[in-house]
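To start, the structure itself, in structure tokens.
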Amino acid sequence: MNRGSWTAALLLAVAFHVPRATLHAQAQAQAAAQAPAAPDTMAFYKALDLEASGKYRDAAPLFRSALHTTAAVNALLGLERVYAELGWSDSLLKPLDTLIAAAPREETYRTVQLRTLQSLGRDADLRAAFERWAHDQPTSSAPYREYARLLMQRNQITAADSVLARAKQSLGTTKDLQLEVAQARAAQGEWVESANAWREALRSADYLEQAAAYALAPTPSATRQQVRDVFLAPPIEVPARRALSDLETSWGSAADGWTALKDLPPDSISAEAWSEFAKRAEADERWTLARDALESALKWKRTPALALRAATAALNVGDAAAAMRLAPMADAHGDSTLAAREYLPVQARALAALGRPADAERLVAAYDRFLAPGARASLTRTIAWGWVRTGDMAHARAALAENGVEGDSSDAAGWLALYDGNLKTARTLLRGGTESSPELALALGLIARLKVDSSAAIGQAFLALARGDSAGAAAQLVQAADRTPGGRSLLLATAAQIQLARKNDVEATALWKRIIVSDPDTPEAPEAELEWARSLHRAGDTAGATTHLEHLILTYPQSALVPQARRELDALKAATPSV
Amino acid sequence: MSMYKLNKFKQALGAAARRALFVAAGLLAVGAPAALAQKLLVPMDDAQQNHLKAYGLTYNAIKAGASAEWLLNYRGGSFLLSDTPDLRRQAALAGITVEPIDNAKVADIRTEIAANNMEAVPLEKAPKIAVYTPPDALPWDDAVTLALKYAGIEYTPIYDDEVERGDLSKYDWLHLHHEDFTGQLNKFYLTYRDVPWFIDLLQKNTATAKRLGFANIPALKKDVAEKIREFVERGGFLFAMCGATETLELAIAARNVDIAQSFIDGTPMDPDADKKLDWSRTLAFRDAHLEQSPFVNSMSDIDGHQVNAAGRQQPLGTFTLFNFSAKFDPVASMLVQDHRAVINDFYGVTTSFNKAVLKPADIVLASEEGAPWVKYIHGDYGKGTWTYYGGHDPEDPRHQIGNPPTDLSLFKNSPGYRLILNNVLFPAAKKKPLKT
Numbered sequence: 146m147n148r149g150s151w152t153a154a155l156l157l158a159v160a161f162h163v164p165r166a167t168l169h170a171q172a173q174a175q176a177a178a179q180a181p182a183a184p185d186t187m188a189f190y191k192a193l194d195l196e197a198s199g200k201y202r203d204a205a206p207l208f209r210s211a212l213h214t215t216a217a218v219n220a221l222l223g224l225e226r227v228y229a230e231l232g233w234s235d236s237l238l239k240p241l242d243t244l245i246a247a248a249p250r251e252e253t254y255r256t257v258q259l260r261t262l263q264s265l266g267r268d269a270d271l272r273a274a275f276e277r278w279a280h281d282q283p284t285s286s287a288p289y290r291e292y293a294r295l296l297m298q299r300n301q302i303t304a305a306d307s308v309l310a311r312a313k314q315s316l317g318t319t320k321d322l323q324l325e326v327a328q329a330r331a332a333q334g335e336w337v338e339s340a341n342a343w344r345e346a347l348r349s350a351d352y353l354e355q356a357a358a359y360a361l362a363p364t365p366s367a368t369r370q371q372v373r374d375v376f377l378a379p380p381i382e383v384p385a386r387r388a389l390s391d392l393e394t395s396w397g398s399a400a401d402g403w404t405a406l407k408d409l410p411p412d413s414i415s416a417e418a419w420s421e422f423a424k425r426a427e428a429d430e431r432w433t434l435a436r437d438a439l440e441s442a443l444k445w446k447r448t449p450a451l452a453l454r455a456a457t458a459a460l461n462v463g464d465a466a467a468a469m470r471l472a473p474m475a476d477a478h479g480d481s482t483l484a485a486r487e488y489l490p491v492q493a494r495a496l497a498a499l500g501r502p503a504d505a506e507r508l509v510a511a512y513d514r515f516l517a518p519g520a521r522a523s524l525t526r527t528i529a530w531g532w533v534r535t536g537d538m539a540h541a542r543a544a545l546a547e548n549g550v551e552g553d554s555s556d557a558a559g560w561l562a563l564y565d566g567n568l569k570t571a572r573t574l575l576r577g578g579t580e581s582s583p584e585l586a587l588a589l590g591l592i593a594r595l596k597v598d599s600s601a602a603i604g605q606a607f608l609a610l611a612r613g614d615s616a617g618a619a620a621q622l623v624q625a626a627d628r629t630p631g632g633r634s635l636l637l638a639t640a641a642q643i644q645l646a647r648k649n650d651v652e653a654t655a656l657w658k659r660i661i662v663s664d665p666d667t668p669e670a671p672e673a674e675l676e677w678a679r680s681l682h683r684a685g686d687t688a689g690a691t692t693h694l695e696h697l698i699l700t701y702p703q704s705a706l707v708p709q710a711r712r713e714l715d716a717l718k719a720a721t722p723s724v
Numbered sequence: 021m022s023m024y025k026l027n028k029f030k031q032a033l034g035a036a037a038r039r040a041l042f043v044a045a046g047l048l049a050v051g052a053p054a055a056l057a058q059k060l061l062v063p064m065d066d067a068q069q070n071h072l073k074a075y076g077l078t079y080n081a082i083k084a085g086a087s088a089e090w091l092l093n094y095r096g097g098s099f100l101l102s103d104t105p106d107l108r109r110q111a112a113l114a115g116i117t118v119e120p121i122d123n124a125k126v127a128d129i130r131t132e133i134a135a136n137n138m139e140a141v142p143l144e145k146a147p148k149i150a151v152y153t154p155p156d157a158l159p160w161d162d163a164v165t166l167a168l169k170y171a172g173i174e175y176t177p178i179y180d181d182e183v184e185r186g187d188l189s190k191y192d193w194l195h196l197h198h199e200d201f202t203g204q205l206n207k208f209y210l211t212y213r214d215v216p217w218f219i220d221l222l223q224k225n226t227a228t229a230k231r232l233g234f235a236n237i238p239a240l241k242k243d244v245a246e247k248i249r250e251f252v253e254r255g256g257f258l259f260a261m262c263g264a265t266e267t268l269e270l271a272i273a274a275r276n277v278d279i280a281q282s283f284i285d286g287t288p289m290d291p292d293a294d295k296k297l298d299w300s301r302t303l304a305f306r307d308a309h310l311e312q313s314p315f316v317n318s319m320s321d322i323d324g325h326q327v328n329a330a331g332r333q334q335p336l337g338t339f340t341l342f343n344f345s346a347k348f349d350p351v352a353s354m355l356v357q358d359h360r361a362v363i364n365d366f367y368g369v370t371t372s373f374n375k376a377v378l379k380p381a382d383i384v385l386a387s388e389e390g391a392p393w394v395k396y397i398h399g400d401y402g403k404g405t406w407t408y409y410g411g412h413d414p415e416d417p418r419h420q421i422g423n424p425p426t427d428l429s430l431f432k433n434s435p436g437y438r439l440i441l442n443n444v445l446f447p448a449a450k451k452k453p454l455k456t
């Protein structure tokens, strides 16, 4: 066995299962290490030192002599390692025969024997060694476990499964072999059976959650619900639910990942699961899920750090009232520096979002002397944003003016310029800003491509969007389209995009039609055609969708959307499998 | 665009759009931007953007009555089709590369063909295709149905009921894939006996056997195998892959011998089964030896790779297509048309065929250099022909049960899949005697 395969074997042993005998041997070794070495184990410790310094040839005879001492089990493992390094693994077989004859119930000897025979490629002898072990210890699951694992390592899944089936016959149960059963079933594509076995295995080994999620990740979509049902079935068990949560996330549905966790009974273990889930959701900017998970964790035990995270998540999903409730200024317990640093930004943002910029202004002023300079500028922008939301642009401008030059060149100033219809200034400031958000992407995507430098209607559209009036924003963009001939298709496409986000396919379709008819030579025309086809497909009109995709391909052969249209056309005609 | 679709599209756009669309449709109708040439060359070398759909274009052109020729060894086995607006449209929709050429260019091509190991074979009639496949979805897929669906070639799924009532005579071309004609359900009993899909498979096959008057599944499958043999003998074209190749032969050879293990029919295999096999009736193999153990997932020594038999499995390599004389051996040439001569091998229940069990008349189309097995074979039988292609899925070399099916839009230039589609088209080229 070379170093790589030895490492793999070792990792497998550590990751999955440490046989009882080995644990016993480890305990023995630890005790021996703490006590003065008995004369008969001196050779073993000297061998360990030689092995550590890479002197395998010198270590081998010492390990071999230690096989006849109380450190025999560890000496054998050492001998296995150094022989593997030297390429002498076949020399291990004779000592193994002697050791097994002397101690037939020692599982480590048997396991090493199987490993050695496998590494030497002696399949018939491997099988025979397994048979002997199973014969000598008819009530032990160890022979089946170790042999099945070796077969699975070599991707001989069917053979491993036969061994497990035999274990069931011989032992009457595979209760102690659930991990191996789970792996074998997953490797054979028996996803539901694998899920059942994983759930059983997780009861006694909760550290296998990630292994379970990894093994079940390739489950085809048609079978996923059955796998879900296995993990969701009562009773509620935290390891099973955590495994399912990981699995759902790997399947691309973090929301279902939360569904797996939200019913856990409130206790410290569940709170930890919720907090960890929230951490991942925060990293992925899935704020609704993060908020729900953090609020659940808070119900078990309230800590300032969790409360602040929950408030931030609430703010990011637009629930300002919840944010104010979750992280009140009072939580700073009179520590003004802490209040200014941690709680004031949350409260100011929430007040601005609730349309109470004057309150935010007063609150910021109250903590003014505790604020770092950068923090103040950020809070000023927050207040300006609050004024924008109330439609008071004069106040917004005045708030930004307090920041002086920095205020004039900030992202917020870029937004104000955009709301004023000053596209030229907005283009410069927003492009060079530090902010990153879907709204910015939408705005930049539009104004960067328009040739006009000012448009009050476009400014009004984005102002409406900032105030949460998406229908008004779409209507304003359509109005702007009529006054902006060069950018008409782009403005209509943006309006359609907003209508689509509002799930108003009827309005969106009307806009796509307009683009295709009025501006068939623009890049937006194939885009409109593709979106129209998708909308029809969602509505169940396969024929209509097909017609539009075909029209796109034939009419705009140079469009970058043609390969995608072909893929979707194939899917509609069931020419490609739906996975 | 068909008039029906055009009308629907016009309605959808509304009156305001009609003028604009009329112009677009009018342009298409005259083959915009270029006027129609005399022929469309469908190149099958590296210039082709979508090799697999090119077969569908050609098949459907023949089916629609258009003239078509297969230019063997010319630019990867190109097709020469009549230039029609509909073909151009189909090619554009599918992303198939076509080159409009005039008569002068056609003459140049014919001159080049005449002077080299090339041939132009007229394709006359689109074969009627049947795929022998169970009506219920099983946790594995079939490369041929994937290829046919992706290429847009129509086929009819048939199974035991249809074969037993004589429906094979309705088709020119029959495909078999994963079926175990020894009736042992691929020995999946060994590992899947408690799995719902296997239990369902077992129950349905048993019920079919009883309904059709057979004692058990092996008896039914042997009879189906016999009818398939007769189909070929009468002039049918058979294309089989994976386990169907090996088990069809075993079932035919074992017409009067019990080769099934007791788990499936209640009686053990005849201890002298090996000696009693009648290889004179089989299509491709002879003198193979049965796997006697019910616990070894292998049927016989026909397969060289033995993928499911622990300790016997052989590694995958590459296989090389043979180069035949296009003028003197057009059938074999058609079957190996490809833009790649060396192709990565792929496992199946039966991956390859040991040379030792091939009949002397078998034509080897592809093999692995230095290996004792071959990959792709062909031969005549009675008035028909058979072709066997080992392995399960050319683009998923280690396809496992439960794996998702291969999305061929990601493998549209697959040389391994091209071999399957060569088989679909080659019956169109051969004038075959009428079946009785």
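Protein chains in written order, with our numbering: chain D, 146 to 724; chain C, 21 to 456.
C-beta atoms are modelled at their ideal positions from N, C-alpha and C, and glycine is treated no differently.
Please read these numbers as outputs of a predicted model, since none were measured by experiment.
- The three-state reading of DSSP puts residue 135 (chain C) in helix, counting H, G and I together.
- Annotated three-state conformation of residue 393 (chain C) is strand, per DSSP.
- DSSP places residue 415 (chain D) outside any beta strand (DSSP E); the residue lies instead in the alpha helix (DSSP H), whose first and last residues are 413-428.
- Going by beta carbons, residue 408 (chain C) and residue 398 (chain C) fall inside the 9 angstroms limit.
- Within the segment 206-218 of chain D, no residue has its Cβ closer than 9 angstroms to any Cβ of chain C.
- Secondary structure note for residue 233 (chain D): it is in no alpha helix (DSSP H), with a DSSP letter that is neither H nor E.
- The C-beta distance from residue 205 (chain C) to residue 221 (chain C) rounds to 6 angstroms, short enough to fall under 8 angstroms.
- Using a CB distance cut-off of 9 angstroms, residue 668 (chain D) does not count as an interface residue toward chain C.
- The C-beta distance from residue 566 (chain D) to residue 601 (chain D) rounds to 4 angstroms, short enough to fall under 8 angstroms.
- For residue 429 (chain C), at least one C-beta of chain D is nearer than 9 angstroms to its own C-beta.
- Partner residues in the beta bridge of residue 178 (chain C), as assigned by DSSP, are C:152.
- When C-alpha distances from residue 391 (chain C) are compared across C:325, C:199, C:352, C:437, the shortest belongs to C:325.
- CA-to-CA, the gap between residue 499 (chain D) and residue 479 (chain D) works out to about 25 angstroms.
- DSSP places residue 319 (chain C) outside both helix and strand once states are collapsed to three, so it counts as coil.
- If you look at residue 673 (chain D), you'll find it in the alpha helix (DSSP H) that goes 669-683.
- Against chain D, a Cβ distance below 7 angstroms from residue 169 (chain C) picks out 719, 720.
- By the C-beta density criterion, residue 280 (chain D) is exposed, having fewer than 16 other C-beta atoms within 10 angstroms.
- Scanning its chain for C-beta atoms nearer than 6 angstroms, with the 5 sequence neighbours on each side dropped, one finds around residue 184 (chain C) the residues 232, in chain order.
- Neighbours of residue 420 (chain C) across chain D, judged by C-beta separation under 9 angstroms: 302, 332, 333, 334.
- Within a 10 Å sphere around the beta-carbon of residue 147 (chain C) sit 16 or more other beta-carbons, which makes this residue buried.
- Closest option to residue 216 (chain D), judged by alpha-carbon separation, among D:519, D:283, D:254, D:504: D:254.
- Contacts with chain C at 9 angstroms (Cβ-Cβ) include residue 307 (chain D).
- Just so you know, the alpha carbons of residue 462 (chain D) and residue 432 (chain D) end up roughly 6 angstroms apart.
- The alpha-carbon separation between residue 164 (chain C) and residue 197 (chain C) amounts to approximately 8 angstroms.
- An exposed status is given to residue 313 (chain C), since fewer than 16 other beta-carbon atoms sit within 10 Å of its beta-carbon.
- Buried is the label assigned to residue 237 (chain C), since at least 16 other Cβ atoms lie within 10 Å of its Cβ.
- The alpha-carbon of residue 56 (chain C) is positioned some 29 angstroms away from that of residue 438 (chain C).
- Chain C has no Cβ within less than 9 angstroms of the Cβ of residue 408 (chain D).
- Proximity of residue 401 (chain C) to chain D, defined by a Cβ-Cβ separation below 9 angstroms, is not satisfied.
- Its Cα nearest to that of residue 354 (chain C), the residue C:444 stands out among C:168, C:444, C:235.
- Here residue 97 (chain C) has 64, 357 as same chain residues with Cβ atoms under 6 angstroms from its own Cβ, once five neighbours each way along the sequence are excluded.
- Apart from sequence neighbours up to five positions away, the residues of its chain that approach residue 420 (chain D) with a beta-carbon distance below 6 angstroms are 442, ordered along the chain.
- Against chain D, a Cβ distance below 7 angstroms from residue 67 (chain C) picks out nothing, because the smallest value is about 17 angstroms.
- For residue 141 (chain C), the secondary structure class from DSSP, reduced to helix, strand or coil, is strand.
- A Cβ of chain D is located within less than 9 angstroms of the beta carbon of residue 328 (chain C).
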